[in-house]
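Just below is one structure, and these are the notes that go with it.
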Amino acid sequence: MSTLSLDVALDRPDFALRVVVDLTLAGITAVFGPSGSGKTTLLRIISGLEQKAGGTITFDGETWQSGDTQVPTHRRHVGYVFQDGRLFPHMTVAQNLEFALRRSARGARPSIDLEETIEALDLRSLLGRRTPSLSGGEQQRVAIARALLRSPRLLLMDEPLSSLDIKRKREILPHIEALPEIFGVPVLYVTHNLDEVARLASNVVLLADGRVAAYGNVGEIFERSDLGTLMGGLEAGVVLRARVAAHDNGVATLIVGSQQLRVPMATAEIGATRPIRIHARDVAIATVRPEKLSIRNVLKGRIRLIEIVSNMNVEIFLEVDGEHLRARITRDALEELELAVGGEVFALIKSVALESSLSS
Amino acid sequence: MPELELGPVWLSLQLATATVLVLLAVATPLAWWLAFTRSRARTVVEAVVAMPLVLPPTVLGFYLLVLLGPAGLIGAPWLSITDTTLTFSFTGLVLASVIYSFPFTIQPLQAAFEGVGRAPLEAAATLGAGPFDRFWHIASPLALRGYVSAVVLTFAHTLGEFGVVLMVGGNIPGSTKVISIAIYEHVETLEYTQAHILSAGLLVFSFAVLLSVYILNRRMPLVRV
Chain A
1 MSTLSLDVAL DRPDFALRVV VDLTLAGITA VFGPSGSGKT TLLRIISGLE QKAGGTITFD
61 GETWQSGDTQ VPTHRRHVGY VFQDGRLFPH MTVAQNLEFA LRRSARGARP SIDLEETIEA
121 LDLRSLLGRR TPSLSGGEQQ RVAIARALLR SPRLLLMDEP LSSLDIKRKR EILPHIEALP
181 EIFGVPVLYV THNLDEVARL ASNVVLLADG RVAAYGNVGE IFERSDLGTL MGGLEAGVVL
241 RARVAAHDNG VATLIVGSQQ LRVPMATAEI GATRPIRIHA RDVAIATVRP EKLSIRNVLK
301 GRIRLIEIVS NMNVEIFLEV DGEHLRARIT RDALEELELA VGGEVFALIK SVALESSLSS
Chain B
1 MPELELGPVW LSLQLATATV LVLLAVATPL AWWLAFTRSR ARTVVEAVVA MPLVLPPTVL
61 GFYLLVLLGP AGLIGAPWLS ITDTTLTFSF TGLVLASVIY SFPFTIQPLQ AAFEGVGRAP
121 LEAAATLGAG PFDRFWHIAS PLALRGYVSA VVLTFAHTLG EFGVVLMVGG NIPGSTKVIS
181 IAIYEHVETL EYTQAHILSA GLLVFSFAVL LSVYILNRRM PLVRV
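Chains as they are written, first to last, in our numbering: chain A, 1 to 360; chain B, 1 to 225.
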């Protein structure tokens, strides 16, 4: 567990960033927000690449910046995976890795092993290749390995998947997901994709207009009703962490409280906990348990909040055996069904909605 | 076969080599600064550095003569420290060539550093590389083409200079009498054969050098980031 205390400011003619937050870093922490909200800038400030930034940065009691005094980037012991990889074009893959390894931060943390990294990111066959000849996905895997071999105390990742197609994303996601556990390094992960937040992160920092709009556990942030369009608008929904009880023919049975969900999943380890994202627009509400219905997933729950989102729609916040769900329905339906806070209802979830675009 | 003195040839090669070495040392940091600074002084410095491109060599030579002369701003302290004069000496010639050829070194280097850009240098910094480490292991190899161009252009340009040399160095055998001066002297005294040999030699040499640079550049697929 590491702590990163930020009290930083950066003023540009067209943009001002002011971030004050104490982050407790374990596993993957997502930095999420719309484009132009300052996500990349924040990461650059943390790594010391923005010389004009002012304020204070402390990492695990070590001061990285205080006022105008900045510890230079190469002494901060951060790893940085850039959006565009930024491999050195005049070196092979192996030379890129060696470059990082030879300059790795020594001391407190046992340094990261070359062989282990090559295995974990599946790079063995690429070692002799020149970097410009690699595909986008391969480049990002090498970039991740290179950043790790620096033995950083904090790994910063700036939308490492944004330039990749969906197939490559699925290929790399498991590698990223496993990083904190295998290498014991906390990750700060910038993204504007809610699916990635749901899939990877345990905590999320929500940025808007250069400020922190919210910070907390992913589940809690997704459930909050006051964040409105910041948490996705049409894409709004929740993240459930459900345990895999069974898996056959590509369909997994997941346990939510005392109830079950059947979800298509290519692979699922029995007993593992999987995050699943359920969009509010994919959840319908019934006041009685429906029969003879094509929808297979029905969860019983209680209404804890009703929020009007537009002239047409309302959003229903439900509690299902301690977990939370959101459903978006029309105002007409709300009146017709006479829904009220505290009422018991059934949430109808289309199975396909459970399959986030990033699940493997 | 008329007698041909090789002195001017050697002297020209020495002068060109010395000029290249001095310029690489001086121009690299300045080119780096020009490529990455956000200072407003940049445009002014760029204009000053490009001056030798447009000034007639005689104008440049004239001012250098005044500056480097025994009573000049640079020549006087030099005289009192070393007890030698800068004008009409090899050292003075190197100094003049350095100024005369400055744009031929700095412009390719600046362009090359700009081509490298901040991105790979930032990446290197996040991997623990300090400023000199970044320069030696990332910027320099990525800017290799720029270095090759700078060296060749400066070398060839120095070999061919005439006006500045004549003004600052005069025509002292073994000290300031370089190829171009020798050719001029041969023509003046109607020794066309010697003038032909030296001229043709310079022509062939220049062509060979430029050709090999272009071939080398083709073969270096490096650095198109």
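Heads up, the beta-carbon is just placed ideally off N, CA and C, and yes, glycines get one too.
The Cβ neighbour count for Lys177 (chain B), taken over all protein chains shown within 10 Å, is at least 16; the residue is labelled buried. Beyond the five residues adjoining it in sequence on each side, Arg118 (chain B) comes within less than 8 angstroms, by CB distance, of Phe36 in the same chain, given in chain order. Ile221 (chain A) sits in a helix when the DSSP states are folded into three classes. Look at Ile308 (chain A) here: in three-state DSSP terms it is strand.
In this model, Thr191 (chain A) and Arg199 (chain A) are separated by some 12 angstroms (Cα to Cα). Counting only the Cα atoms, Lys292 (chain A) lies some 50 angstroms from Ile144 (chain A).
Using a Cβ-Cβ distance cut-off of 8 angstroms, the stretch 317-324 of chain A and the stretch 295-302 of chain A are in contact, since at least three pairs of beta carbons, one from each stretch, lie closer than that value.
In this structure Gln83 (chain A) does not touch Glu181 (chain A) by the C-beta definition: roughly 24 angstroms separates them, more than the 8 angstroms allowed. Taking a beta-carbon distance threshold of 9 angstroms, Val212 (chain A) does not count as an interface residue toward chain B. Listed along the chain, the chain A residues whose CB falls inside 7 angstroms of the CB of Glu122 (chain B) are Leu49.
Taking 9 angstroms as the CB threshold, His137 (chain B) lines the interface with chain A. Shortest Cα-Cα distance from His77 (chain A) to any of A:Glu138, A:Leu114 and A:Leu148 involves A:Leu148. Think of a sphere of 8 angstroms around the beta carbon of Arg146 (chain A): the chain B residues whose beta carbon falls inside it are Leu127, in chain order. The three-state secondary structure of Ser294 (chain A), taken from DSSP, is coil. If you look at Thr105 (chain B), you'll find it in the alpha helix (DSSP H) that goes Phe90 to Val116.
Chain A has a Cβ within less than 9 angstroms of the Cβ of Gly130 (chain B). According to DSSP, residue pairing for Leu325 (chain A) in a beta bridge involves A:Leu318.
Secondary structure note for Asn96 (chain A): its alpha helix (DSSP H) is the uninterrupted segment Val93 to Arg102. Under the Cβ criterion of 9 angstroms, Thr73 (chain A) is counted among the residues facing chain B. Segment contact: the stretch 52-67 of chain A against the stretch 250-258 of chain A, fewer than three CB-CB distances shorter than 8 angstroms; contact not assigned. Measuring C-alpha to C-alpha distances from Leu43 (chain A) to each of A:Met157, A:Gly27, A:Ile118 and A:Gly85 identifies A:Met157 as the nearest. Interface flag for Asp83 (chain B) against chain A is unset, since no Cβ pair is found closer than 9 angstroms. Secondary structure at Glu159 (chain A): coil, using DSSP grouped into helix, strand and coil. The three-state reading of DSSP puts Ala347 (chain A) in strand, counting E and B together. In the three-state DSSP reduction, Arg86 (chain A) falls in the coil class, being neither helix nor strand.
Assignment of Ala156 (chain B) by DSSP, reduced to helix, strand and coil, places it in the helix class.
Taking the Cα of Ile179 (chain B) as reference, the smallest distance to any Cα among B:Thr158, B:Val49 and B:Ala71 is reached at B:Thr158. If you ignore the 5 residues before and after Ala111 (chain B), its C-beta comes within less than 7 angstroms of the C-beta of Gly146, all in its own chain and listed in chain order. Excluding its 5 nearest sequence neighbours in each direction, Ala27 (chain B) has C-beta neighbours in its own chain below 8 angstroms: Phe102, Thr105, Ile106, Leu109 and Ala150, listed in chain order. Taking a C-beta distance under 9 angstroms as the contact criterion, Thr330 (chain A) and Asn313 (chain A) qualify as a contact pair. Residue range Lys39 to Ser47 is occupied by the alpha helix (DSSP H) that includes Ser47 (chain A). Rounded to whole angstroms, Gly48 (chain A) and Thr267 (chain A) show a C-alpha spacing of 40 angstroms. With contacts defined as CB atoms closer than 9 angstroms, Val45 (chain B) and Leu30 (chain B) qualify as a contacting pair. Shown in chain order are the members of the stretch 87-99 of chain A whose Cβ falls below 7 angstroms from a Cβ of chain B: Phe88, Pro89, His90 and Phe99.
With the rule of 3 Cβ pairs closer than 8 angstroms, the stretch 133-146 of chain B does not count as touching the stretch 156-170 of chain B.
Interface with chain B (9 angstroms Cβ-Cβ cutoff): His77 (chain A) is included.
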